[in-house]
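*Asks:* Residue numbers (the numbering used here): 689 to 845. This structure is in structure tokens; I'll ask about it shortly.
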């Protein structure tokens, strides 16, 4: 089956992924997005994730600066004390997702943490020991550097 990557922001208001339903083609969103919570939600529960597991969920006044374009999409939800990013690979979702959970180090190395959000939650206490190199997640300096490569579609196409 052929895979077609599409920029998630570009298509968000133009088309839905259902527009890609064609025989033998699997649409996969690309790009980088951040899930942040309102600062009013900051409380002991969220702080405990940082203290116990080194998972610092993102709040609106502490959004990290992102300098890469991910393929497939990387939906960032947390950071760690080393400046790495934790997120959902392949779309925007919650931790109840069937999508994989990944990690991008400060050096831009990509790792798989868990095959699903459920698995990540079950193994949160040892997520750093579960890191495996993840070649399926690719990082580019910009969307423009990704364009023109095979398997990438734009809203104009």
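For each residue, glycine too, the CB sits at the ideal point set by N, CA and C. The structure presented is a predicted model; accordingly, all values stated were derived computationally and were not measured.
Between the beta-carbon of residue 774 and the beta-carbon of residue 743, is there less than 8 Å?
*Replies:* Within the chain shown, residue 774 is the residue found at index 86, counting from 1. Within the chain shown, residue 743 is the residue found at index 55, counting from 1. Yes, these two residues count as a Cβ contact at 8 Å.
*Asks:* Would you say the beta carbon of residue 717 comes nearer than 7 Å to a heavy atom of the ligand MN?
*Replies:* Absent from the structure shown: the ligand MN. Ligands present: none.
*Asks:* So for residue 766, helix, strand or coil by DSSP?
*Replies:* Within the chain shown, numbered from 1, the residue matching residue 766 stands at position 78. In this structure, residue 766 counts as strand in the three-state DSSP scheme.
*Asks:* According to DSSP, simplified to helix, strand and coil, what is residue 695?
*Replies:* Counting from 1 along the chain shown, the entry for residue 695 is found at position 7. Looking at residue 695 - three-state DSSP - the assignment turns out to be strand.
*Asks:* Given a cut-off of 8 Å, decide if residue 811 and residue 802 are closer than it, judged by their beta-carbon atoms.
*Replies:* Translated into the one-based positions of the chain shown, residue 802 becomes position 114. Translated into the one-based positions of the chain shown, residue 811 becomes position 123. Contact flag set, yes.
*Asks:* So, residue 757 versus residue 772, is the Cβ gap smaller than 8 Å?
*Replies:* Residue mapping note: residue 757 aligns to position 69 of the chain shown, counting from 1. Residue mapping note: residue 772 aligns to position 84 of the chain shown, counting from 1. No, they are not a contact pair.
*Asks:* Helix, strand or coil for residue 721, going by three-state DSSP, please let me know.
*Replies:* Within the chain shown, the letter at position 33 stands for residue 721. The answer is strand: DSSP assigns residue 721 an E or B state.
*Asks:* DSSP beta-bridge partners for residue 757?
*Replies:* Along the chain shown, one-based indexing puts residue 757 at 69. Paired residues: 828.
*Asks:* Would you call residue 727 buried or exposed, if buried means 16 or more other Cβ atoms sit within 10 Å of its Cβ?
*Replies:* Along the chain shown, read from residue 1 onward, the residue named residue 727 stands at position 39. The residue in question, residue 727, is exposed, as its Cβ has fewer than 16 Cβ neighbours within 10 Å.
*Asks:* Is the CB-CB distance between residue 720 and residue 746 below 8 Å?
*Replies:* Residue numbering aside, residue 720 sits at position 32 when the chain shown is read from its first letter. Residue numbering aside, residue 746 sits at position 58 when the chain shown is read from its first letter. No, the Cβ-Cβ distance between residue 720 and residue 746 is not below 8 Å.
*Asks:* From what residue to what residue does the alpha helix (DSSP H) around residue 654 run?
*Replies:* Outside the shown range of the chain, which is 689 to 845, sits residue 654, and nothing can be said about it.
*Asks:* So the alpha helix (DSSP H) residue 805 belongs to, where does it begin and stop?
*Replies:* On the chain shown, position 117 is the one that residue 805 refers to. Counting along the chain, the alpha helix (DSSP H) containing residue 805 begins and ends at 805-810.
*Asks:* What do you get for residue 829, buried or exposed, if any count of 16 or more other CB atoms within 10 angstroms of its CB means buried?
*Replies:* One-based indexing of the chain shown puts residue 829 at position 141. Per the 10 Å Cβ criterion, exposed.
*Asks:* With DSSP run on the structure shown, which of helix, strand or coil describes residue 773?
*Replies:* Start at 1 with the first residue of the chain shown, and residue 773 comes out as number 85. Reduced to three states, the DSSP call for residue 773 is strand.
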